[in-house]
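Read the structure below first, then the notes.
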Amino acid sequence: MSHPHHPTFDELLAEGAAVPTEGWDFSWFEGRATEARPSWGYALSMAGRLAEAHAVLDVQTGGGEVLDFALRQGGSGRRPPLVVATEGWSPNVDTATRLLRPLGVPVVAALDDAPLPFADGAFDLVVSRHPVQPHWDEIARVLAPGGTYFAQHVGPASVFELVEYFLGPLPEETRRQRDPERERADAEAAGLEVVGLRAERLRMEFHDVGAVVHFLRKVVWMVPGFTVETYRDRLRELHERIEADGPFVAHSARHLFDIRKPHDH
Numbered sequence: 026m027s028h029p030h031h032p033t034f035d036e037l038l039a040e041g042a043a044v045p046t047e048g049w050d051f052s053w054f055e056g057r058a059t060e061a062r063p064s065w066g067y068a069l070s071m072a073g074r075l076a077e078a079h080a081v082l083d084v085q086t087g088g089g090e091v092l093d094f095a096l097r098q099g100g101s102g103r104r105p106p107l108v109v110a111t112e113g114w115s116p117n118v119d120t121a122t123r124l125l126r127p128l129g130v131p132v133v134a135a136l137d138d139a140p141l142p143f144a145d146g147a148f149d150l151v152v153s154r155h156p157v158q159p160h161w162d163e164i165a166r167v168l169a170p171g172g173t174y175f176a177q178h179v180g181p182a183s184v185f186e187l188v189e190y191f192l193g194p195l196p197e198e199t200r201r202q203r204d205p206e207r208e209r210a211d212a213e214a215a216g217l218e219v220v221g222l223r224a225e226r227l228r229m230e231f232h233d234v235g236a237v238v239h240f241l242r243k244v245v246w247m248v249p250g251f252t253v254e255t256y257r258d259r260l261r262e263l264h265e266r267i268e269a270d271g272p273f274v275a276h277s278a279r280h281l282f283d284i285r286k287p288h289d290h
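For the sequence shown, position 257 matches number 282 in my numbering, and the numbering has no gaps at all.
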């Protein structure tokens, strides 16, 4: 009886390096890497908020997948009369436009660090999943009094076990970036009221070095300038470690903000 072929280090590297990385479809990782999801189920929770809203802005929509899912959850039920999305990375602008145009949602090309191209008080709900950085003054400006910012952010030191495996220990200041309590203080400084804040660290497992290569090629800011050639020695050590000890474990950080713009501003 023949044994199934066990891929070699070089085969896994080649495979991880060959897979296209466009969009935010993570189905390639099926069975090769896992990531626990936050308990609050952001896309479904967003769908619930959309059903109550009138004018909605999705900031940094990515490829539009989360907004598309949330809007379709309503089925033939009520959806907001006005929904607009912004996105700063041009390949994603095209992807999101193709996905959201059939739903009547315009995608506005707007750089992540530029002012939002909308009037003061234009929206009663602003949503965002994994914004690069929240611009609290702008969020506060485009929200109508009584309006809500409901968003899932990436938290501090997310997947740092993997990042530090390649880069070595990172400075404390880097580890504290995206700290939810810092973000809370910044939101309050912009005149917003934090109604709810939940934070979770979530287990990730990488089952082979090919999955690690694919992940680092896809999420390019994790290990800046990552290439298979540059990190070949570390990748070989990682391969041998996974073969000997089982999956490489890391933890992602996520937090959920429920924020209101007070009426008295």
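All residues carry an ideal CB built from backbone N, CA and C; glycine is no exception.
The structure displayed is predicted, hence computed values, not measured ones.
Quick one: what's got a C-beta closer than 8 Å to residue i's C-beta in the same chain, skipping five residues either side?
{"i": "ASP93", "result": "LEU124, LEU125, LEU128"}
{"i": "LEU263", "result": "TYR190, VAL234, VAL237, PHE273"}
{"i": "ARG62", "result": "LEU227"}
{"i": "PRO142", "result": "THR111, VAL133, ALA135"}
Apart from the five residues just before and just after residue i, which ones in its own chain have a Cβ nearer than 6 Å to its Cβ?
{"i": "ASP149", "result": "ALA78, HIS79, ALA80, ALA169, GLY172"}
{"i": "VAL237", "result": "PHE231"}
Name, in chain order, the residues that DSSP records as bridge partners for residue i.
{"i": "GLY171", "result": "Paired residues: none, contrary to the question."}
{"i": "VAL179", "result": "ARG279"}
{"i": "GLU230", "result": "THR59, VAL274"}
{"i": "ALA224", "result": "HIS280"}
Using three-state DSSP, classify residue i as helix, strand or coil.
{"i": "PHE54", "result": "helix"}
{"i": "PHE240", "result": "helix"}
{"i": "LEU217", "result": "coil"}
{"i": "ARG200", "result": "helix"}
{"i": "ASP289", "result": "coil"}
What's the C-alpha gap between residue i and residue j?
{"i": "LEU75", "j": "ALA39", "result": "43 Å"}
{"i": "ALA110", "j": "ASP35", "result": "42 Å"}
{"i": "LEU281", "j": "HIS31", "result": "41 Å"}
{"i": "PRO205", "j": "GLU268", "result": "36 Å"}
{"i": "ALA214", "j": "THR33", "result": "54 Å"}
{"i": "PHE175", "j": "PHE251", "result": "33 Å"}
{"i": "LEU260", "j": "ARG201", "result": "27 Å"}
{"i": "ARG209", "j": "PRO181", "result": "13 Å"}
{"i": "GLU198", "j": "VAL167", "result": "31 Å"}
{"i": "HIS288", "j": "VAL151", "result": "16 Å"}
{"i": "VAL299", "j": "ARG266", "result": "Since the displayed the chain opens at 26 and closes at 290, residue 299 lies outside it and no answer follows."}
{"i": "ARG154", "j": "THR86", "result": "7 Å"}
If you drop the 5 nearest sequence neighbours on each side, which residues of the same chain put their C-beta closer than 7 Å to that of residue i?
{"i": "VAL248", "result": "VAL188, PHE191, LEU192, LEU241"}
{"i": "GLY271", "result": "none"}
{"i": "ALA72", "result": "ALA95, GLN98, GLY99"}
{"i": "SER183", "result": "SER277, ALA278"}
Residue ranges of each beta strand (DSSP E) within the segment 60-137, 3 or longer: Listed in chain order, they are 80-83, 107-112, 132-134.
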